[in-house]
Amino acid sequence: MTCAEPMKPVRYRSIFISDAHLGFRGARADYLLEFLDATESDYLYLVGDMVDVWEMRKRVYWPREHHLVIKRIMEKVWSGTRVVYLPGNHDEALRDYNDSVIDNFSMTDQIVHTTADGRKLLVLHGDQFDTVVKCSRAVAMLGSRCYGLLIRANHWVHLVRRLFGFPYWSLAAHVKHRVKNAVAYISNFEDMVAWEASRQGVDGVVCGHIHHAEVRDVDGVLYCNDGDWVESCTALVEHHDGSLELLWWAECRDAWGYNEAVAPAADSRAA
Numbered sequence: 001m002t003c004a005e006p007m008k009p010v011r012y013r014s015i016f017i018s019d020a021h022l023g024f025r026g027a028r029a030d031y032l033l034e035f036l037d038a039t040e041s042d043y044l045y046l047v048g049d050m051v052d053v054w055e056m057r058k059r060v061y062w063p064r065e066h067h068l069v070i071k072r073i074m075e076k077v078w079s080g081t082r083v084v085y086l087p088g089n090h091d092e093a094l095r096d097y098n099d100s101v102i103d104n105f106s107m108t109d110q111i112v113h114t115t116a117d118g119r120k121l122l123v124l125h126g127d128q129f130d131t132v133v134k135c136s137r138a139v140a141m142l143g144s145r146c147y148g149l150l151i152r153a154n155h156w157v158h159l160v161r162r163l164f165g166f167p168y169w170s171l172a173a174h175v176k177h178r179v180k181n182a183v184a185y186i187s188n189f190e191d192m193v194a195w196e197a198s199r200q201g202v203d204g205v206v207c208g209h210i211h212h213a214e215v216r217d218v219d220g221v222l223y224c225n226d227g228d229w230v231e232s233c234t235a236l237v238e239h240h241d242g243s244l245e246l247l248w249w250a251e252c253r254d255a256w257g258y259n260e261a262v263a264p265a266a267d268s269r270a271a
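Under UniProt numbering, think of the first position of the sequence shown as 1, with each following residue one higher.
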C-alpha cells in the first residue's frame with residue numbers, strides 16, 4: 001500500500017467500497033466522507049451494505065455525515081463517474097430495483113468488471129455464499145447484535161488511544177482475526193467466492209460482506225475483499241495500469257493531510 005502525499009484529489013480508474021452501514025451508529029461515515037472527497041474515479045462500485053436497512057427498521061439514525069456520504073456519491077454520478085450499486089444482505093430491499101439504470105447510476109446483483117490490463121473480475125457483495133445468512137436470518141441477526149457490542153467497545157478504545165496519541169486501531173477486527181472459528185469462517189468464505197469466480201470463467205472476484213480486507217491468490221483466482229467502513233475503513237482501488245491496491249484510510253489520511261476527527265458514538269449492531 002502506498003500513501004504518499006498526493007495532489008488532491010487522487011484519481012483512480014476504479015474504486016470499490018462496501019459495508020459502510022449508513023444508518024448504524026458504528027459507521028465511520030466521517031472517514032468515508034473524507035475518502036470520497038479525496039478521490040475521483042471513472043468507476044465507483046458500491047459493493048453492498050452501504051445502507052443498513054436492518055438497523056433502520058429498529059431505530060432511525062441518520063446524522064448529517066451519513067446524508068453527506070449519499071450526497072457525495074450522487075455528485076460523483078452527476079460529474080460523470082459510473083456508479084454501480086450491488087446490494088448486500090443489510091440493504092437487500094434494494095434488490096427489488098436490480099437492473100435499474102439512471103444515467104451513470106445502475107443497480108445489479110453482480111457484474112463483471114474489466115481492468116485496464118484486461119482481467120475480468122466478478123463483483124458482488126458475497127452474502128450469497130454465507131450459509132448463516134442464507135439459511136437462518138435469526139442466527140444472522142443474533143450474530144449482528146454480538147458484533148455490535150464489539151463495535152461499541154471499539155469506540156471507547158479508540159477514544160482512549162487518541163488521548164495517548166496512538167493511531168486508529170480496531171478492537172473488533174483484532175478479536176475477529178484471533179478467534180479460531182472466525183478465522184475458519186473467513187477462509188471458507190474466501191474459498192467459496194473464489195470457486196464461484198472460477199466457475200464463471202473470470203480471473204478474479206471483488207466482494208465485501210465479511211469486513212475483512214484482503215487481496216490474495218486462491219487456487220489461481222485473484223480474491224479481493226474491499227473491507228468495510230465500520231472496522232478497517234478500507235477501499236480497493238484500480239490504478240490506470242490495471243494494478244489493484246488496498247487503501248487503509250486510517251493510515252492514508254495522515255499522509256494526505258487530514259486531521260483526526262472525533263469518532264462517532266457506537267451503539268447497536270452491524271455485520
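Positions of the beta carbon are idealized from the N, C-alpha and C atoms, including for glycine. On a predicted model such as this, the values are computed, not experimentally measured, just so you know.
Residue i to residue j span [Cα, whole Å]
i           : j           : result
residue 125 : residue 257 : 31 Å
residue 147 : residue 26  : Its pLDDT being 49, under 50, residue 147 is placed unreliably in this model, and the value from its coordinates should be taken loosely. Taking the straight line joining both Cα atoms gives about 10 Å.
residue 89  : residue 18  : 12 Å
residue 245 : residue 30  : 22 Å
residue 45  : residue 85  : 6 Å
residue 194 : residue 15  : 20 Å
residue 186 : residue 12  : 28 Å
residue 233 : residue 38  : 14 Å
residue 101 : residue 110 : 14 Å
residue 70  : residue 28  : 14 Å
residue 122 : residue 74  : 24 Å
residue 79  : residue 9   : 14 Å
residue 225 : residue 204 : 11 Å
residue 95  : residue 83  : 16 Å
residue 3   : residue 116 : 22 Å
residue 107 : residue 87  : 8 Å
residue 191 : residue 227 : 16 Å
residue 214 : residue 61  : 30 Å
residue 99  : residue 247 : 29 Å
residue 219 : residue 200 : 14 Å
residue 251 : residue 223 : 23 Å
residue 196 : residue 103 : 30 Å
Member of the options whose CA lies at the smallest distance from the CA of residue i
i           : options            : result
residue 118 : 254, 255, 240, 251 : 240
residue 24  : 217, 216, 18, 56   : 56
residue 189 : 130, 83, 120, 229  : 130
residue 198 : 254, 186, 225, 217 : 217
residue 54  : 82, 81, 92, 36     : 92
residue 202 : 187, 186, 192, 221 : 221
residue 40  : 238, 254, 120, 231 : 238
residue 68  : 196, 253, 34       : 34
residue 81  : 226, 112, 105      : 105
residue 231 : 32, 61, 9, 242     : 32
residue 72  : 36, 251, 61        : 36
residue 253 : 243, 235, 242      : 235
residue 120 : 61, 242, 219       : 242
residue 43  : 196, 61, 62, 112   : 112
Residue environment, residue i, which counts as buried when at least 16 other CB atoms sit within 10 Å
i           : result
residue 76  : buried
residue 134 : Here residue 134 scores only 48 on pLDDT, less than 50, and its place in the model is too uncertain to base an answer on.
residue 58  : exposed
residue 64  : exposed
residue 181 : Residue placement at residue 181 cannot be trusted, given a pLDDT of 49 that sits under 50; what the coordinates show is reported in the next sentence. So residue 181 ends up on the exposed side.
residue 229 : buried
residue 97  : exposed
residue 249 : buried
residue 136 : Caution is warranted here: a pLDDT of 41 is assigned to residue 136, below 50, making its placement in the model unreliable, and the coordinate value is therefore given only provisionally. Its Cβ having fewer than 16 others within 10 Å, residue 136 is exposed.
residue 114 : exposed
residue 21  : buried
residue 66  : buried
residue 127 : buried
residue 255 : exposed
heavy atom of the ligand SAH below 7 Å from residue i C-beta
i          : result
residue 14 : In terms of ligand content, the structure shown is empty, and the ligand SAH therefore cannot be addressed.
Per DSSP, the bridge partner or partners of residue i
i           : result
residue 40  : 11
residue 56  : According to DSSP, which records beta bridges pairwise, residue 56 is partnered with nothing at all.
residue 100 : 107
residue 45  : 16, 84
residue 207 : 225
residue 22  : 51
residue 273 : Residue 273 lies beyond the range of the chain shown here (1 to 271); nothing can be said about it.
residue 120 : 114
residue 235 : 247
residue 218 : 221
For the structure I just gave you, are there three or more beta carbon pairs, one from the region 193-209 and one from the region 36-54, closer than 8 Å?
yes
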